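A quick write-up on the structure given underneath.
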Amino acid sequence: MSWRIGVDIGGTFIDFCVLDDATQQMHTLKVLTTPDEPGREVMEGVALLQARHGMAPAAVTAFVHGTTVGINTVIQRKGAALALLTNAGFEDVIEMARLRMPEMYSLFCARPEQLIPRDRIFGVAGRVLADGREAEPLDAAAVRAAARQARARGAEGIIISFLHSYRNAAQEEAAEAVIRAAEPGLFVFRASGIWPVIREYERTTTAILNGYVHPRVDRYLDNLGQVLAAQGITAAPMITKSNGGVMGLAEGRTSCVGMLLSGTASGVMGAAFLARQAGLGQVLTLDIGGTSADVALIIDGQPQFGTGEMIGDFPLHVPSVSVTSIGDGGGSIASVDGFGMLRVGPESAGSTPGPACYGRGGTRATITDAMAVLGFLGHAPLAYRSVTMDRAKAEAVVGALARRLGRGLQETAEAIIQVSISSMFAEVNKLVARHGVDARDFTLLPFGGAGPMMGCLLARELGMARVMIPRRPGVVSALGGLIADVKNDFVRTLFIDLVPEAMPALAAALAELRARATRWLRDEQGFTGEAAEIVSAEMRYRGQSFEIEVPLEAERVMAGDTAALHAAFDRRHAGIYDFADPAAPVQLVNLRLVILGRTPPPVFPAQARVAGTPAPQGEVTAFLDGAARAMPLYWRDDLRHGHRFAGPAIVAQEDTTLCIPPGFDAEVDAHGHLHLTAA
Amino acid sequence: MDKVTLQVFANHARAAAENMAYTLYRTAHSTFVKETEDFTVQLVGPDGGVFAVPMDFGATWYPGISYGQAIGLIGDYAPGDIGFTNDPYSGYLATHAPDVHMWKPIFHEGRLICFACGHIHNTDMGGAVPASLSRTLTEIHQEGIRFPPMKLMREGVLDEDLLRVMLMNVRKPEQNLGDLKAFIGALNTGERKVRAMIAKFGAEGFLAGIQGVQDHAEQQAREILRSIPDGRYVFSDYADEDSAGGQPCRLALALTIAGDRAVLDFTGSDPQLTSSLNVPTGGNPHHTLLLVGVYYVLYTLNPRIMLNIGLTRPFTCIAPEGTVVNPVFPAAVGMRSLTCARLRSLIFGAFSLAMPERMPAAPAGTSSIMNIMTTDNRTRRSVLAAINPVVGGGGGMPHRDGTNGSGADGAYLKNTPIEITETEVPIQMLRYGLLPDSGGAGRMRGGLATVMEFKVFAPNSRVTARNRDRCRFRPWGTLGGQPGQPSDFILNPGTARAVVLGNADLVTMNPGDVLHIHSPGGGGRGSPLERDPALVARDVTRGYVSPASARADYGVVLREGAAGSWQVDEAATAAERAARPAAAHPAHFALGPERDAFEQVWDSAAYDALTAILAALPVHWRFFVKHRLFAMRQEAPGLGVAEAYAALVAETPGLAA
């Protein structure tokens, strides 16, 4: 008997996805979060799993956890008081940032308040040049004085970030030693130790994010470890990472940036797993919760990775699963402005007070209320019976907007959905353009509490003919943790021309990255299973301002085969930008290595195939495309492998409701996933 | 069209424009595109009026541009055609020769539905100087090869002959060619997206959508105008120099708001210049270059406005012919960006008079675009590179301080990381950050200036800094706020070899030389004596303001507390402030001592006289006469404009005729 547990903590609920390896059964569980007593919900969940499924804590072989504690610390600005030590003359590095501001048409445009106020930023003498030479020695006395001042001004920790430390970290290391000796009460992070790449603002900000969330993350993980131990779970708990992998608790306590996108990234990993299970290569994932919708692309079965994802107001420059937050969620509020224009979002009712129809004090119309008015919701208990639907309340708040617009009640509800869908369309369109792909070649995979409700409507707007709704849309993130590999990224900035003379340095850098990666996986993580590595480089034609990441064959790198590396870059460039310039000189800016300790994916048994249509629970009327339509209502639990039916239809399940418009044909696959195809 | 469909249409149209911009941005070759996003894209209706622009990419100048006149100069459009022009005097679309505008008609079942279009700033279009831009040029023919509106592509076939002529005349033909290809790609992206929209909305629905969003923008603009008190608001602002080392260049505006309409009368602005600072508008009463400041004001007052040509309808501009805002052929126009920056602050000032409570003080108002040409001592290769733009702070806002180091109408510019610059260019950066005490004091402080210093290591290293201005006339403060500190540009500051370069835009450096440049700071808003002393203490603790300035400018007395933080000495501050009663009726603007002194001589009466004299003269005399009158009045203080002119007529053969 062995059990694997995946856990994802969101704003309102904590989701459990549990695999019983003996029976190959997947169980799910939702428990309300206990923000005041972090960890209690985990205990509660583990106890429930014991009671319901007979899971013995000692039989748990894996406990993988995704959490928003890091990102919430940034968004709510509840992180550590930090100081920054940098080069004299460049103390404004984080305030200057990259200059360009959002809302560039507004005279009131502004930058966010920084995570470190200017009076806790200290410039010291000492300078390393672009080639790594030291132009001026570090002023150790100034470092000591700065650390003393930092502490006197209330800093709990200090971030060290010097120019060109990606090339030569000696001054950062020396400064760290000085601070640790002089002010042992301060925690210290070096930018060169977090993600040592060229570009000072990005590197510094990333190191600051790490330090900012560190104390809270540290306490949280420490507490979690104790809770699990108290419950008798002996397996080493793991945390999901921004890069879609997992790492041990001990590492998470200091490599905090690695888990800032913990939950969102594992959602995409889970979706990618489900897509592969269904044989789909090109997938657009859509995770809609109460306040936001996150979209990501899966291309040829692989999630996409990038750097620069926004964490609140700040870009995070470590490799992360590329996820774009596009604003609207089920709680987004609809309003009518002075011109009689209908707006949806960006304000959200969130989970408290939530949509009016939840009857928890919400007084403004949300997307969920509009769906209730249209007749899609309220046929089954919501969110594992934790919410009761009050349609009259939805009608009251949508009705108020209807009077202002001079439209009918249901027409107004449908207009709210249309406006929201079209604004999501505009954002998804930009994401798709950035990846140079055509949405119509993709299958939409909606999940989260509101994804299956809105998914088909968005697919229609985007001209996408295929939608896959997973069997359990509420636990895709928790599942993602269970199937994730132990994974870490390593980088070395080289900034070399791709010429034979530079090849020995490139080979040496790769050998060094490999040694570090192996040490991390085998020694630090204690991983003993099958491992793999992925080598890539960020390259560009000389004169360009942006690099693209190019997968490379390690043997070619070690052999110094410049022609093959050049050709690999040309191919990638042509793939993204539609042209290549094989005669142009190429620069290799960063060499990267990903190490993976493989986690064997679970194999779920296929259901026996049946024929025909499922038996509906009944017929309901819902308003869609300008008219009230009668449509069948199905329970998701009644849908079997092979069942087919046509839209319009509503499918209700414990954790969400599926809205299937006319024109879509539905078929259930061997794992219970529903595949919709536009006729 | 109903309001819901209209919103949906607007979202789709904006998505199409964003897609075009993304394609152009990521594939273009020109430094101007990559480093400063000096490009735009638009979707325009059959009449050439914009109905959609991107919000995430590119520059902010052209949501209200009209392609109509240029489109009309060539006829017989067929599917697959692409029209283009870069001539500032044919159709008043392009505004200097490096800007190539292109437009592609999109047909549906034989019917013209709209155009995809945009512009890109080419690194060079030939002419007298590299990059085609210099204040010293005096006629358009020196500013590069010009193409009147013509077809670059006919039914999908590129005009190779035309292309060969262009590429033969420019200095970096491979870049122009790369940009052209990128641009054609973006237009094709636009066409593909428009076709998808036509499939969704139908041709009739699409055309109705164009009208709908433009009408909606117009309504939004009119709504905003109605919220501003009727009246006539008169303001003027100056560029420091009207030519290299020249006299001030005055821009004047009388803004009249009546109900939901406004007239912007630029009469009283300087005559057209014998330099390249002219702004070519053709006198078009809705020309976009005259209205960029208006877009900012409207967006600031209502961030939900739709950005399209409908916004320009309630506004009528009067730009007299033969002036800097409506030069006649063949006046040079290459450096119009410097003058355009001043036009924006002119408009901000007039609107500040109209609604003091809703407008900020002046932003820094000039962004120096820096380039260097030097030699790498190791490779012996010559390196030409863009360094950071040096952008100044925003003006104090009604609700918060001006943004530091950038903001307001300079917020779209980006910088280059120090580490990238030092890796690619053999220079060492010594300083890049904010300049203390540079923001205008005020209840809401002006944003701080940017300062940058670097050292070179090779002889004959040449640095260009375009748009140098505001070394003399400061970004003004409002409602009792002080002006921001002026800009400066100094070679080897603090040494015996120091040279103050001021507004110069070219400097040659030798090994070991250090160049210092700082932008202006933003203007302050409201009396500094009313600023919360705690905020002054915070500014001092953060190093934004010196303790001396806290006392002198803000009347706040501080004590240095523990660990270098500063605390307010409440009693001393109260006494200090009580000893300086605020003026009962402070002037709306604080313009700075330099401008106050200048306007002692050149007051509005003198300018009225000058304007009357110059307007009556043939265009080719105007700049000459202006400069002579300035010189005469400098030599003989107290000399009236009319007397000076009479003397000038007497001594100048040909002038009386």
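Sequence lines, in order, name chains A and B.
Numbering follows the working numbering, with no gaps: position 226 of the first sequence is 226.
Take the position in the second sequence, starting the count at 1, then add 1000; the result is the number in the working numbering.
Glycine included, every Cβ here is placed at the ideal spot set by N, Cα and C.
Since the structure is predicted, the reported quantities are computational estimates derived from the model, not experimental observations.
Query	Result
is_contact[A:Asp485, chain B] using C-beta, thresh 8 Å	no
Test item: CB-CB of A:Cys109 and A:Met96 under 8 Å	no
A:Gly79 versus A:Ala88, A:Asn87, A:Val69 and A:Thr86, residue with shortest Cα-Cα distance	A:Val69
Three-state class that DSSP yields for A:Leu84 in the structure shown	strand
Where B:Ser1382 sits in the DSSP three-state scheme	strand
Cβ-based contacts, 7 Å cut-off: residues of the stretch 426-440 of chain A near chain B	Ala426, Asn429, Lys430, Ala433 and Arg434
Own chain, CB closer than 8 Å to A:Asp131, minus 5 neighbours either side, in chain order	Arg167
Closer than 8 Å to chain B by CB, A:His573	no
Inter-residue spacing [alpha-carbon to alpha-carbon] between B:Gly1156 and A:Ala584	28 Å
Contact with chain B by A:Glu103, beta-carbon distance below 8 Å	yes
Three-way DSSP call (helix, strand, coil) for A:His379 in this model	coil
Opposing strand residues paired with B:Trp1566 [DSSP bridges]	B:Glu1560
Enclosing alpha helix (DSSP H) for A:Asn72 [first to last residue]	Val69 to Ile75
Span of the alpha helix (DSSP H), counted from its first residue to its last, around A:Arg343	Careful: A:Arg343 lies outside any alpha helix (DSSP H), inside the beta strand (DSSP E) at Leu342 to Ser348.
Distance between beta carbons of B:Gly1396 and B:Gly1592, contact taken as under 8 Å	No, B:Gly1592 and B:Gly1396 are not in contact; Cβ-Cβ is about 15 Å, not under 8 Å.
Per-residue DSSP class, three states only, for B:Met1197	helix
A:His673 versus A:Gly543: straight-line alpha-carbon distance, rounded	48 Å
Per DSSP, cross-strand counterpart(s) of A:Thr700	Because chain A is modelled from 1 through 679, residue 700 of chain A falls outside the range shown and cannot be assessed.
Nearest candidate by alpha-carbon position, reference A:Leu29, set A:Gly597, A:Gly408 and A:Gly474	A:Gly474
For B:Asn1326, the nearest candidate out of B:Asp1270, B:Thr1316 and B:Arg1468 (CA to CA)	B:Asp1270
7 Å Cβ shell around A:Asp638 - same chain, five flanking residues per side excluded	Pro614 and Ala615
Boundaries (first-last residue) of the alpha helix (DSSP H) holding A:Ser262	Ser262 to Gln277
Cross-chain neighbours of B:Asn1404 in chain A, by beta carbon under 7 Å	Glu95
CB contact check: B:Gln1219 to chain A, cutoff 8 Å	yes
Nearest candidate by alpha-carbon position, reference B:Gly1310, set B:Ser1066, B:Gly1480, B:Met1055 and B:Ser1549	B:Ser1066
Range covered by the beta strand (DSSP E) that runs through B:His1518	Val1514 to His1518
Beta-carbon spacing of A:Leu274, A:Ile71 below 8 Å	no
Residue-chain proximity (A:Tyr201, chain B), Cβ-Cβ < 8 Å	yes
Simplified DSSP state of B:His1141, which is helix, strand or coil	helix
Cβ of A:Asp92 within 8 Å of any chain B Cβ	yes
Same chain, Cβ closer than 6 Å to B:Val1297, neighbours up to 5 away in sequence not counted	Phe1351
Cβ pair A:Ala622, A:Leu374 closer than 8 Å	yes
Minimum Cβ-Cβ distance from A:Val419 to chain B less than 8 Å	yes
Helix, strand or coil at B:Ala1073 [DSSP, three-state]	In the sequence under discussion, the amino acid at residue 1073 of chain B is Leu, which differs from the Ala named in the question. It is coil, neither helix nor strand.
A:Gly154 versus A:Leu85: straight-line alpha-carbon distance, rounded	15 Å
Test: B:Thr1375 CB closer than 8 Å to a CB of chain A	no
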